[in-house]
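The sequence shown begins at 1 in full-length UniProt numbering and counts up one residue at a time.
All C-beta atoms in this analysis are idealised placements derived from N, C-alpha and C, irrespective of residue type, glycine included.
Below you'll find the structure, written out as structure tokens, and then a few comments.
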Amino acid sequence: MSLSILAESAAGSKNLDFMIHGLYEYKLFGQKLYLTTTTVSLLIVVLLITVFAIFANRAIKAVDPYNAPSGFVNFLECGIEALEGMTETILGANKDRFLNYIGTIFIFIFVSNFSGLLGLRNPTADYGVTFLLGLFTFLIVNFQGIKNRKLKHFTSLFEPIPLLFPINVIGEIANPISISLRLFANVLSGVLIMGLWYGMMPIFLKVGVPSFLHLYTDVFSGALQTYVFCMLSMVYINDKLE
């Protein structure tokens, strides 16, 4: 009964909004397509990362080898050292081969999760985005499996007994789906919570209080889910390096 009342209240709230909206409609090869809020958020996230990368590149090139680096360069060095430590924990001596990929998806996912603080709808709250991230990991995992294990990459699907082949195949396919769904569901839950809060709470509770909720849904949970996605990606990759 209480769930139905909540659903009716949510449906009746004019300010309740946590959906993906089409902003511009166009046709391509006879198909109707839309420029959505996710597309706009992705473009802004990519722009922010690009601007940050340009400033970081200039700051590193401007470092005087005879003087101590500035605060921004120290921040970059701390970030790189933390990333190297994270990858070395799982990948060991192979960390340098995958540092660029893990670093790229880490920054992209973290900024995407963090973008809710900028008033954007988090791109990672769209399964189309997280599924592609999982798909990239899946392709890298299988490429490394074929490269390092050759034919054994396929014959291992019949181990320990051939009867388990269907289960092993399902397990391989489930890996990218599980990590993409985990990221999507956790970020989407934060979007839903904030949408419900802004749409259903009285005006005096929409000032101040949401900042604490944003700290959890966008910062703490966003950083945690970024770390989990990258760690699981490295675990899957490392399994194919042996």
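Identified DSSP bridge partners for residue i
{"i": "residue 27", "result": "32"}
{"i": "residue 22", "result": "36"}
Proximity below 8 Å, CB of residue i to CB of residue j
{"i": "residue 120", "j": "residue 41", "result": "yes"}
{"i": "residue 222", "j": "residue 110", "result": "yes"}
{"i": "residue 49", "j": "residue 38", "result": "no"}
{"i": "residue 176", "j": "residue 143", "result": "no"}
{"i": "residue 236", "j": "residue 169", "result": "no"}
{"i": "residue 129", "j": "residue 182", "result": "no"}
Contact belief for residue i with residue j at Cβ below 8 Å, rounded distance in angstroms
{"i": "residue 59", "j": "residue 73", "result": "5 Å"}
{"i": "residue 148", "j": "residue 240", "result": "6 Å"}
{"i": "residue 81", "j": "residue 95", "result": "12 Å between Cβ atoms; not a contact."}
{"i": "residue 56", "j": "residue 76", "result": "6 Å"}
{"i": "residue 217", "j": "residue 190", "result": "3 Å"}
{"i": "residue 153", "j": "residue 146", "result": "5 Å"}
{"i": "residue 27", "j": "residue 33", "result": "7 Å"}
{"i": "residue 247", "j": "residue 194", "result": "Coverage of the chain is limited to positions 1 through 242, which leaves residue 247 absent and any answer about it impossible."}
Neighbour-count burial assignment, residue i, 16 or more Cβ in a 10 Å radius
{"i": "residue 113", "result": "buried"}
{"i": "residue 102", "result": "buried"}
{"i": "residue 132", "result": "exposed"}
{"i": "residue 64", "result": "exposed"}
{"i": "residue 14", "result": "Residue confidence for residue 14 is low, a pLDDT of 48 falling below 50, so the modelled location carries little weight and cannot support an answer."}
{"i": "residue 5", "result": "No answer about residue 5 holds up, because its pLDDT of 37 lies below 50 and its placement is not dependable."}
{"i": "residue 106", "result": "buried"}
{"i": "residue 116", "result": "buried"}
{"i": "residue 233", "result": "buried"}
{"i": "residue 226", "result": "buried"}
{"i": "residue 125", "result": "buried"}
{"i": "residue 158", "result": "exposed"}
{"i": "residue 98", "result": "buried"}
{"i": "residue 134", "result": "buried"}
{"i": "residue 78", "result": "exposed"}
{"i": "residue 108", "result": "buried"}
{"i": "residue 230", "result": "buried"}
Any C-beta of chain D under 8 Å from that of residue i
{"i": "residue 85", "result": "Here chain D cannot be found, since the structure has a single protein chain."}
Item to complete: Please confirm if the stretch 180-197 is in contact with the stretch 88-97, defined as three or more CB-CB distances below 8 Å between the two stretches.
Response: Flag = no, the stretch 180-197 and the stretch 88-97 do not touch.
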